[in-house]
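Asker: If you read the sequence shown in this note's numbering, its first letter stands for residue 52, the second for the next number, and so on.
Have a look at this one before I ask anything.
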Amino acid sequence: MTYAGQTSGRSWMIKIDLLTLLVLVLASYRVTRFFIEDYLFDKVRNWIWSKRDPSTAIGYLFTCYWCLGFWISSAIVVGYILIPSVMFIVCLVLALSAAVGIFSTLLDRN
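Structure, rendered in structure tokens:
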């Protein structure tokens, strides 16, 4: 896949093959899930909710996959554009973690 655009008279283009796209998608899912559901982020999430009720925009952000997922995905794409080799390695680790969680959920059903 190729995405192109133009900013301030300069054109830019990034090419993303399907494997890279899958890695970025799974990494985005993993980070989003970490902030919304994982136990390790509970204290921070509860602190945020003590300051900003979940009914407020900021509080709601940490309950909504669609909302937070947009911002996480945007950050991952910008990071991949700026430092692709580093971001690919980071995202690969996150993608593998996501795959382990997904497979565990699917295979451990009783």
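Note that beta-carbon positions come from the ideal geometry of N, C-alpha and C, so glycine has one too.
What you are looking at is a predicted structure, and each value in this text was computed from that prediction instead of being measured.
1) Please check the pair L73 and A149, which I expect to be a contact at CB under 8 Å, by giving their CB distance rounded to whole angstroms.
2) Name the DSSP beta bridge partners of K94, please?
3) Going by the beta-carbon positions, is the gap between L145 and V95 smaller than 9 Å?
4) Ignoring anything shorter than 4 residues, give me the alpha helix (DSSP H) runs that lie fully in the region 110-142, in order along the chain.
5) Short of 6 Å in beta carbon distance, which residues of its chain neighbour Y123, apart from the five on each side in sequence? Order them along the chain.
6) Quick check on DSSP: helix, strand or coil for R160?
7) From this set, L158, G152, R160, which residue's C-alpha is nearest F85's C-alpha?
8) When DSSP labels each residue in this structure, what does T83 get in the three-state scheme?
9) Is I140 near the ligand SAH - that is, is its Cβ less than 8 Å away from at least one heavy atom of it?
10) I need the straight-line Cα distance from S155 to I134, nearest angstrom please.
11) Classify L69 as buried or exposed, calling it buried when 16 or more other Cβ atoms lie within 10 Å of its own Cβ.
Answerer: Short version:
1) About 10 Å separates the two Cβ atoms, so there is no contact after all.
2) None, per the DSSP bridge assignment.
3) Their beta carbons are not under 9 Å apart, which means L145 does not touch V95 by this criterion.
4) Those alpha helix (DSSP H) runs which fall completely within the region 110-142 and span 4+ residues are 116-133.
5) The identity of residue 123 in the sequence shown is Ile, whereas the question assumes Tyr. Same-chain partners within the cutoff: S79, V82, T83.
6) In the structure shown, R160 falls within a coil segment according to DSSP collapsed to helix, strand and coil.
7) Distances from the CA of F85 to each of L158, G152, R160 were compared; the closest alpha carbon is that of G152.
8) Under the three-state reduction of DSSP output, T83 falls in the helix class.
9) Looking for the ligand SAH in the displayed structure turns up nothing, as the structure carries no ligands at all.
10) Spanning the two alpha carbons is a distance of roughly 31 Å.
11) L69 should be labelled exposed.
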